[in-house]
Amino acid sequence: EAQVTQNPRYLITVTGKKLTVTCSQNMNHEYMSWYRQDPGLGLRQIYYSMNVEVTDKGDVPEGYKVSRKEKRNFPLILESPSPNQTSLYFCASSFQGARQETQYFGPGTRLLVL
Amino acid sequence: SQQGEEDPQALSIQEGENATMNCSYKTSINNLQWYRQNSGRGLVHLILIRSNEREKHSGRLRVTLDTSKKSSSLLITASRAADTASYFCATDVTHDMRFGAGTRLTVKP
């Protein structure tokens, strides 16, 4: 089944404790992206990747890191989480770029930073 | 920053009625997409309309695009309780799509 998976789905952590949210897609998509969703603000892009080893900042990259060592995986890293990073996070992928076609979204990761 | 803005923020209708949601955006676009999100879940793509198209249909969905007014509308006909969800428009900006805050649709049985 074609899908985007994220892990964990729910995470409670404390300020400053490094964490990684994994994202994997099995559709051989070149483009992958991370969003955060906050009430009243819609989805805001954090980082995106056009292909392996090619990443770029989105609208709200501060406090986040990403890597794209393999085509299928695009982990989101919070080196020192803070309470303002409490949010719902989505990973998405598409074949060649979000502009041209459908993005497929993962189920989301709900993060609470205390 | 947000590019698309949906209106209304919330809409409540009875099953069988039509639901219309609007989206306004600020800059020129190549295409506009509508997505649906069930509570707390990932977004699901509904329809894409290109800037040279004025109307598009998919099942009970009808999307219009007016590039002169920088606006789009999503019409869901003969709504069902299962249509209860949030609906987002997204417009293309450089390498990615920019999403609005969404319209929360409630369809009462």
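In order, the protein sequences belong to chains A and B.
In terms of this note's numbering, the first sequence has 19 at position 19, counting the first letter as 1, and numbering is strictly consecutive.
Just remember that this note's numbering sits 1000 ahead of the position in the second sequence, which is counted from 1.
Positions of the beta carbon are idealized from the N, C-alpha and C atoms, including for glycine.
Since the structure is predicted, the reported quantities are computational estimates derived from the model, not experimental observations.
Can you tell me whether A:Gly16 is buried or exposed, with buried defined as 16 or more other CB within 10 angstroms of its CB?
-> exposed
Just the C-alpha distance for A:Leu11 and B:Arg1104, rounded to the nearest angstrom, thanks.
-> 26 Å
Of all Cβ atoms in chain B, is any one closer than 8 Å to the Cβ of A:Gly16?
-> no
At what residue ranges does the segment 1032-1086 of chain B contain a whole run of the beta strand (DSSP E), taking only runs of 3 or more?
-> 1043-1050, 1055-1058, 1061-1066, 1071-1076
Are the C-beta of B:Ala1019 and some C-beta of chain A separated by less than 8 Å?
-> no
Can you name, in chain order, every residue of its own chain whose Cβ lies under 7 Å from the Cβ of B:Pro1008, other than the five neighbours on each side?
-> Thr1103
Please state if the CB of A:Gln96 and the CB of A:Glu53 are separated by a distance shorter than 8 Å.
-> no
B:Ala1019 by DSSP, collapsed to three states: which one?
-> strand
Name the chain A residues that come within less than 7 Å of B:Ala1101, Cβ to Cβ?
-> Gly40, Leu41, Gly42
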